[in-house]
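Here's the structure, in structure tokens; my notes come after.
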């Protein structure tokens, strides 16, 4: 028969075991409460010399002070950017990004961790990681960032050509793009044999000006100049309409750039950038 001391001893041991189990359950529930949160990035391209956006969104948190945002780049020792306790912390920022990064601080509470990158450089291309910590948990997502140069082409009547021609110009592209002409009337036609494209290196010795001339243009037709590389694609359109006879020409040009349009109809022989006398 167990003595009173033994009974007390085993009772204490039982209580300790029960308490240890309860503590383990509490810790387990606490850990399971910090789960992986969803983080999503959107691939984008940077236009060198301009500002770019590295897009990242996450499950929002109700307390700004609990949110930590870290942007990292593969192959770079320091951080690209860090935001925590409601403000930027750039103490560990890599030198190559100094003074060039910012988050949208007023939108962080809503789940926006996107990074604004100022004065995009070719060397900014690479793999980035958007790493998020909140009171709900943590998560991350990678983003492949490409850099180059691209611009909207302008299409006009070419007054320097000896025949009915259109001139497509775009000031900044890199890497070297391809240029393809298309026609609304002659869909699927190959205009490579009646066009000439040239590339002129700009003063910074990186980007290039693109000039393409299309010959043998016909009236009552819409032409498109499409410029494309592995970074971007841009299109300029021009619509040429008019009535022709031996002595006079009426020419109307509509130029479209994104959502902008310009239309002018000028009298025969007027020497401007929107009209040409085609005999």
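In this note's numbering, the protein residues as written are 1213 to 1491.
Every residue, glycine too, gets a C-beta built ideally from N, C-alpha and C.
Remember, predicted model here, so these are calculated numbers, not experimental data.
### Query
Quick one: what's residue 1358 bridged to in DSSP?
Its beta-bridge partners are 1257.
### Task
Select from 1380, 1442 and 1346 the residue whose C-alpha is nearest the C-alpha of residue 1322.
In terms of CA proximity to residue 1322, 1346 leads the group 1380, 1442 and 1346.
#### Entry: Which of helix, strand or coil DSSP assigns to residue 1390
In this structure, residue 1390 counts as strand in the three-state DSSP scheme.
### Query
Which full runs of the beta strand (DSSP E) of 3+ residues lie inside the segment 1272-1305, going along the chain?
Listed in chain order, they are 1280-1285 and 1293-1296.
### Task
Please name the residue in 1375, 1260, 1287 and 1434 whose C-alpha comes closest to that of residue 1419.
Here the closest residue by C-alpha is 1260.
### Task
Have a look at the DSSP bridge pairing and note the partners of residue 1420.
Residue 1420 is bridged by DSSP to 1385 and 1413.
### Message
Using a 10 Å radius around the Cβ and a threshold of 16 neighbouring Cβ atoms, would you call residue 1365 buried or exposed?
### Response
By the 10 Å Cβ count, residue 1365 comes out buried.
### Message
Does the structure place the segment 1278-1291 close enough to the segment 1332-1346 that three or more beta carbon pairs sit under 8 Å?
### Response
Yes, the segment 1332-1346 is in contact with the segment 1278-1291.
### Task
Say whether the segment 1385-1398 touches the segment 1422-1442, bearing in mind that this needs 3 or more beta-carbon pairs closer than 8 Å, one atom from each stretch.
Touching, per the Cβ criterion.
### Query
Given 8 Å as the limit, is there contact between the segment 1350-1357 and the segment 1248-1256, that is, 3 or more CB pairs closer than that?
Short answer: they touch.
### Message
I'd like to know whether the C-beta atoms of residue 1329 and residue 1287 end up nearer to each other than 9 Å.
### Response
Between residue 1329 and residue 1287, the CB-CB gap reaches or exceeds 9 Å.
#### Entry: First and last residue of the uninterrupted beta strand (DSSP E) at residue 1444
First-last for residue 1444: undefined, no H or E at that position.
#### Entry: Alpha-carbon to alpha-carbon, residue 1313 and residue 1448
For residue 1448 and residue 1313, the gap between their C-alpha atoms comes out near 33 Å.
### Query
Can the beta-carbon of residue 1379 be found closer than 9 Å to that of residue 1423?
Cβ distance < 9 Å, so residue 1379 and residue 1423 count as in contact.
### Pick from 1293, 1318, 1368 and 1407 that is closest to residue 1450, judged by C-alpha positions
Among 1293, 1318, 1368 and 1407, the Cα nearest to that of residue 1450 belongs to 1368.
### Task
Kindly indicate which residue of 1436, 1341, 1331 and 1371 has the alpha-carbon position closest to the one of residue 1402.
Taking only the C-alpha atoms, the option nearest residue 1402 is 1436.
### Task
Determine the closest residue to residue 1393 out of 1302, 1340, 1332 and 1428, with distance taken between C-alpha atoms.
Considering only alpha carbons, the answer is 1428.
### Query
How many angstroms separate the CA atom of residue 1298 from the CA atom of residue 1278?
The alpha-carbon atoms of residue 1298 and residue 1278 are separated by roughly 8 Å.
### Query
Expressed to the nearest angstrom, what Euclidean distance is found between the alpha-carbon atoms of residue 1271 and residue 1293?
Their Cα atoms are separated by approximately 19 Å.
### Query
What number of angstroms, rounded off, separates the C-alpha of residue 1391 from the C-alpha of residue 1411?
About 11 Å.
### Task
Please name the residue in 1376, 1381 and 1262 whose C-alpha comes closest to that of residue 1433.
Out of 1376, 1381 and 1262, 1376 has the C-alpha closest to the C-alpha of residue 1433.
### Query
Among residues of its own chain, excluding the 5 on either side of residue 1397, which ones have a beta-carbon nearer than 6 Å to its beta-carbon?
Correct list, in chain order: 1433.
### The beta strand (DSSP E) enclosing residue 1313, as first and last residue numbers
The continuous beta strand (DSSP E) containing residue 1313 extends over residues 1313-1315.
### Task
Below 7 Å CB to CB, which residues in the same chain sit around residue 1273 once its five sequence neighbours on both sides are set aside?
Spatial neighbours of residue 1273 in its own chain (CB-CB distance under 7 Å, excluding positions within 5 residues in sequence) are listed in chain order as 1279, 1346, 1347 and 1348.
### Query
Which of the three DSSP states, helix, strand or coil, is assigned to residue 1364?
Residue state, collapsed to three classes: coil.
### Query
Is residue 1430 helix, strand or coil by DSSP?
Three-state DSSP puts residue 1430 in coil, outside helix and strand.
### Task
Taking only the alpha-carbon atoms, compute the straight-line gap between residue 1275 and residue 1296 and give it to the nearest angstrom.
Each residue's Cα considered, the two are about 11 Å apart.
#### Entry: Environment of residue 1340 [buried if 16+ CB atoms lie within 10 Å]
Classification of residue 1340: buried, given that the 10 Å Cβ count is 16 or more.
### Message
With DSSP as the reference, identify every bridge partner of residue 1503, one or two as the case may be.
### Response
Outside the displayed span of the chain (1213 to 1491) sits residue 1503, for which this structure offers no information.
### Message
Distance check for residue 1267 and residue 1247, CA to CA, integer angstroms please.
### Response
Rounded to the nearest whole angstrom, the C-alpha separation of residue 1247 and residue 1267 is 23 Å.
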